[in-house]
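So the sequences go chain by chain: A and B. Its first residue numbered 1, the first sequence is counted upward by one per residue in our numbering. Its first residue numbered 1, the second sequence is counted upward by one per residue in our numbering. Every residue gets a Cβ at the ideal spot worked out from N, C-alpha and C, and that includes glycine. Here the structure is laid out as structure tokens; the discussion comes afterwards.
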Amino acid sequence: RKEVEQDPGPFNVPEGATVAFNCTYSNSASQSFFWYRQDCRKEPKLLMSVYSSGNEDGRFTAQLNRASQYISLLIRDSKLSDSATYLCVVTLGGGSQGNLIFGKGTKLSVKP
Amino acid sequence: DAGITQSPRHKVTETGTPVTLRCHQTENHRYMYWYRQDPGHGLRLIHYSYGVKDTDKGEVSDGYSVSRSKTEDFLLTLESATSSQTSVYFCAAGGGTQPQHFGDGTRLSIL
Numbered sequence: 001r002k003e004v005e006q007d008p009g010p011f012n013v014p015e016g017a018t019v020a021f022n023c024t025y026s027n028s029a030s031q032s033f034f035w036y037r038q039d040c041r042k043e044p045k046l047l048m049s050v051y052s053s054g055n056e057d058g059r060f061t062a063q064l065n066r067a068s069q070y071i072s073l074l075i076r077d078s079k080l081s082d083s084a085t086y087l088c089v090v091t092l093g094g095g096s097q098g099n100l101i102f103g104k105g106t107k108l109s110v111k112p
Numbered sequence: 001d002a003g004i005t006q007s008p009r010h011k012v013t014e015t016g017t018p019v020t021l022r023c024h025q026t027e028n029h030r031y032m033y034w035y036r037q038d039p040g041h042g043l044r045l046i047h048y049s050y051g052v053k054d055t056d057k058g059e060v061s062d063g064y065s066v067s068r069s070k071t072e073d074f075l076l077t078l079e080s081a082t083s084s085q086t087s088v089y090f091c092a093a094g095g096g097t098q099p100q101h102f103g104d105g106t107r108l109s110i111l
């Protein structure tokens, strides 16, 4: 089983739509969780951390379900500028020096 | 601006030549990382460092070596480049339970 799995998409949505991405991880010892966004030919940039209680940052909401080993990202009122690839990222547990494991990403395309 | 710069940004070289990529950070992070990104594979960890002169292997370390003589600099060396090492290389700093921040990347082509 892959360590972090994401639907690769692409998700093609109109402006203003709500879109949800899901991610599952295999290592129950994973300690920290993040969503990164990566624009074409650019470096990954941190979008938001994911906390057990769920957290929101403007139009973005992240949720974590440790029992199901599942992470989600909800984007409301999509903008053209949200078009990017969204990477689900978890840290390994067990003294791994905080190494991140990346999903392969979900591509989002927001259309006018 | 996460204060991480990579050099060079682009490089084309020939098989069998040595190549060194440099990563420089200004945030005094303890941890630094080198990744490669290829289509269909996502980001994969090559090597990482947890302090000056302290390094360890990642998932795809074969053919690569690293050095960290100062907190701010982390070098990645391909001793004898092969075409399979054509990739985009990203350096990152941060980590532990905190997120990592990435440099702009180096596009390396090996002919």
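_Is there a Cβ of chain A sitting closer than 8 Å to that of residue 3(B), yes or no?_
Residue contact check for residue 3(B) against chain A: no CB pair falls below 8 Å.
*Is the beta carbon of residue 122(B) sitting closer than 8 Å to the one on residue 81(B)?*
Beyond the ends of chain B as shown, which are 1 and 111, falls residue 122(B); an answer cannot be given.
*Mind checking whether residue 50(A) and residue 60(A) have CB atoms under 8 Å apart?*
Taking 8 Å as the Cβ cut-off, residue 50(A) and residue 60(A) do not qualify as a contacting pair.
_Can you check whether the C-beta of residue 48(B) is within less than 8 Å of a C-beta belonging to chain A?_
Yes, residue 48(B) lies at the interface with chain A (some Cβ there is under 8 Å from its Cβ).
*Counting along the chain, where does the beta strand (DSSP E) carrying residue 57(B) start and finish?*
Residue 57(B) -> beta strand (DSSP E) spans 54-57.
_Can you pull the chain A neighbours of residue 100(B), defined as C-beta to C-beta under 7 Å?_
Near residue 100(B) (Cβ distances below 7 Å), the residues of chain A are 100.
*asked:* Please list, in chain order, the residues of the segment 20-43 of chain A that have any C-beta partner in chain B closer than 7 Å.
replied: If the cut-off is 7 Å between Cβ atoms, the segment 20-43 of chain A has 31, 32, 34 and 43 near chain B.
*Based on Cα-Cα distance, which residue from 3(B), 15(B), 11(B) and 19(B) lies nearest to residue 75(B)?*
Checked all of 3(B), 15(B), 11(B) and 19(B); the closest Cα to residue 75(B) is 19(B).
*Can you name the residues that DSSP bridges to residue 92(B)?*
In the DSSP output, where bridge partners are listed per residue, residue 92(B) has 33(B) and 102(B).
*Taking C-beta to C-beta, are residue 15(B) and residue 111(B) nearer than 8 Å?*
Less than 8 Å divides the Cβ of residue 15(B) from the Cβ of residue 111(B).
*Is the Cβ-Cβ distance between residue 105(A) and residue 87(A) less than 8 Å?*
Yes, the Cβ-Cβ distance between residue 105(A) and residue 87(A) is below 8 Å.
*Mapping DSSP to helix, strand and coil, what is residue 81(A)?*
The three-state secondary structure of residue 81(A), taken from DSSP, is helix.
*Sequence-distant residues of the same chain with beta carbon closer than 6 Å to residue 9(A), five excluded per side*: Cβ neighbours of residue 9(A) beyond the five flanking positions: 106 and 107.
_Strictly under 8 Å for the Cβ-Cβ distance: is residue 49(A) near chain B by that measure?_
For residue 49(A), the closest Cβ of chain B is nearer than 8 Å.
*Please check the pair residue 90(A) and residue 4(A), which I expect to be a contact at CB under 8 Å, by giving their CB distance rounded to whole angstroms.*
Confirmed, Cβ separation roughly 6 Å.
*Throw me the rounded Cβ distance for the residue 56(B) and residue 48(B) pair, which I believe falls under 8 Å.*
Approximately 6 Å separates the beta-carbon atoms of residue 56(B) and residue 48(B); this is inside 8 Å, confirming the contact.
*With 16 other Cβ atoms within 10 Å as the buried cut-off, status of residue 101(B)*: Buried, by the Cβ-count rule.
*Any idea if residue 23(B) is buried or exposed, counting beta-carbon neighbours within 10 angstroms, 16 or more meaning buried?*
Classification for residue 23(B): buried.
*Tell me whether residue 8(B) is buried or exposed, calling it buried when 16 or more other Cβ atoms sit within 10 Å of its Cβ.*
Label assigned to residue 8(B): exposed.
_Contained beta strand (DSSP E) runs [length at least 3] in the segment 3-62 of chain A, N- to C-terminal order_ = Within the segment 3-62 of chain A, the beta strand (DSSP E) runs of at least 3 residues that lie entirely inside it are, in chain order, 4-6, 11-14, 19-25, 33-38, 45-50 and 55-57.
_Check whether chain A comes within 8 Å of residue 75(B), counting only Cβ atoms and requiring the distance to be less than that._
Closer than 8 Å: no.
*Which residues, in chain order, does the segment 20-31 of chain B contribute to contact with chain A at a C-beta distance below 8 Å?*
Cβ contacts with chain A come from 31.
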